[in-house]
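For the sequence shown, our numbering begins at 351 and goes up steadily by one. Beta carbons: idealized from backbone N, C-alpha and C, even for Gly. A quick note: this is a predicted structure, and the numbers were derived from the prediction, not measured. Read the structure below first, then the notes.
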Amino acid sequence: MAYVYDDQNVFAKILRGEIPNDTVMETEHSLAFRDIQPQAPVHVLVIPKGPYVCYDHFASDASDAEIVDFNRTIAAVCKQEGVQADGYRIISNAGDAGVQEVPHLHIHVLGGRGLGRMLQPAR
Ligand code: AMP
């Protein structure tokens, strides 16, 4: 399946500086900022700067440099936000079944409290 990237999505607008964000880290290829509706005391979104819809799109099409930078940024955010010792969860929703709201790849980094079981029953 060929992904079509919508450059009007909210994270594309954040990357273009059209709407504000609470940045916690920026690198050559990645940006990390606080989720506007946090689900835990630590809730940071890590996104690549390139136009990738979801994780498999990125992992298939991004350059090695982008992939390394993105993964290192996730690790650095976990360290900077202080969630390594007590644990954390990273989540990336994709498509309709994954209930992805913003069609630009993002990794949720969640921590700072007990997070419960991985999946809740479908509603
Ligand atoms: P998902 O369902 O995985 O696509 O999650 C999208 C996430 O983006 C949600 O947790 C939203 O709260 C978050 N979000 C939406 N708009 C913004 C924004 N302008 N700044 C920060 N986070 C946002």
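Check                                                                                                                                              : Outcome
Pairs of beta-carbons, one from the stretch 401-411 and one from the stretch 371-386, closer than 8 Å: are there three or more?                    : no
If I measure Cβ to Cβ from LYS363 and keep anything under 8 Å in the same chain, skipping five residues before and after, which residues do I get? : ILE369
What does the alpha-carbon distance come out to for the pair ASN421 and PHE408?                                                                    : 12 Å
Exposed or buried, ILE441, counting other C-beta atoms within 10 Å across all chains shown (16 or more means buried)?                              : exposed
Quick check: what's the CA-CA separation for GLU451 versus GLU376?                                                                                 : 23 Å
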